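Below: one structure, written as structure tokens.
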Ligand SMILES: N[C@@H](CCC(=O)N[C@@H](CS)C(=O)NCC(=O)O)C(=O)O
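Structure representation (structure tokens):
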């Protein structure tokens, strides 16, 4: 059985939970309370090189980085596919995924927000303004990308892909910080469509074993 070391609120973990669910793969949920620093001090710190969640254990191997994990799952368990069968489609889906995973998320993760507050002495208001600014900028760019491609139910076509695995957690996180998601019709329609699916519902933070109010 695979083991997923993760945290209910971690959006990078949420991506992998969705991918595992979409593929119907069972896994052991191993909670790592990153808000309490367990990723840096607890037993997790000894098994994780980058001390970040998620970390997937499979066949005695440990894998980090959510996008690499999802691509690994895709190769090991190709059905149902989370990447299109054609090169152009795969490039489009990876570009959408990276728009979130590389352009938005790194600016807003826990250690960056902590640095803004502890080292740069930003107050809560300024920290939240930072967060909301980068989410808004990133989501507007995401919407422009969606608008340039053929209409579909999901980010790419009519079946969920890796891009949807990235989009939904980013919206969840943004909602927690009261980000402005107005004027994003394609993006929010895709979000709503994803949230109709059991795989996405089951992966959401409130359904996780370590969920907190
Ligand atoms: N690029 C990484 C990001 C991993 C990451 O930043 N995870 C966050 C939770 S979403 C984390 O462990 N944060 C701990 C910290 O910032 O100290 C991935 O996609 O897996």
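Numbering (this note's numbering), first residue to last: 743 to 955. We put the CB at the ideal spot given by N, CA and C, even for glycine. Quick caveat: nothing in here was measured; it's all calculated off a predicted structure.
* To do: State yes or no: is the beta carbon of residue 883 nearer than 7 Å to at least one beta carbon in chain C?
  => Here chain C cannot be found, since the structure has a single protein chain.
* To do: Using beta-carbon positions only, say whether residue 811 and residue 798 come within less than 7 Å of one another.
  => Walking along the chain shown from the start, residue 811 turns up at place 69. Walking along the chain shown from the start, residue 798 turns up at place 56. In contact: residue 811 and residue 798 (Cβ atoms closer than 7 Å).
* **Assigned exposure category for residue 906 - 16 Cβ within 10 Å defines buried** => For the purposes of this step, residue 906 is taken as the residue at position 164 of the chain shown. So residue 906 ends up on the buried side.
* Asked: Beta carbon of residue 877: closer than 6 Å to some heavy atom of ligand 3?
  -> Among the ligands present in this structure, namely ligand 1, ligand 3 is not found.
* Report the option in 771, 821, 792 whose CA atom is closest to the CA atom of residue 800. => What you label residue 800 is simply residue 58 of the chain shown in a count that begins at 1. For residue 800, the nearest C-alpha among the options comes from 771.
* **Neighbourhood of residue 765 by C-beta, 7 Å cutoff - its chain only, sequence neighbours within 5 removed** => Residue 765 sits at position 23 when you count from the first residue of the chain shown. Answer for residue 765: 815, 819, 822, listed in chain order.
* Going by Cα to Cα distance, which pick from 897, 753, 744 is closest to residue 927? -> Sequence index remark: in the chain shown, residue 927 carries index 185 (1-based). Comparing Cα positions, the closest option is 897.
* To do: Would you check if the distance between the CB atom of residue 933 and the CB atom of residue 873 is smaller than 7 Å?
  => Position 191 of the chain shown holds residue 933. Position 131 of the chain shown holds residue 873. No; because the gap between Cβ atoms is not below 7 Å, this pair is not in contact.
* To do: Look up residue 781 in the DSSP assignment and say whether it is helix, strand or coil.
  => Looking up residue 781 in the chain shown gives position 39. Per DSSP, reduced to three states, the secondary structure at residue 781 is helical.
* Neighbourhood of residue 888 by C-beta, 8 Å cutoff - its chain only, sequence neighbours within 5 removed -> The residue labelled residue 888 in the question sits at position 146 within the chain shown. Contacts found: 838, 897, 928, 929, 932.
* Asked: Just checking my contact of residue 904 with residue 830 at CB under 8 Å: how many whole Å lie between their CB atoms?
  -> Numbered from 1 along the chain shown, position 162 holds the residue referred to as residue 904. Numbered from 1 along the chain shown, position 88 holds the residue referred to as residue 830. In fact, because the Cβ distance is near 15 Å, the residues do not count as touching under 8 Å.
* Local Cβ density within 10 Å of residue 910, reported as buried at 16 or more and exposed below that -> Counted from its first residue, the chain shown places residue 910 at position 168. Result: buried.
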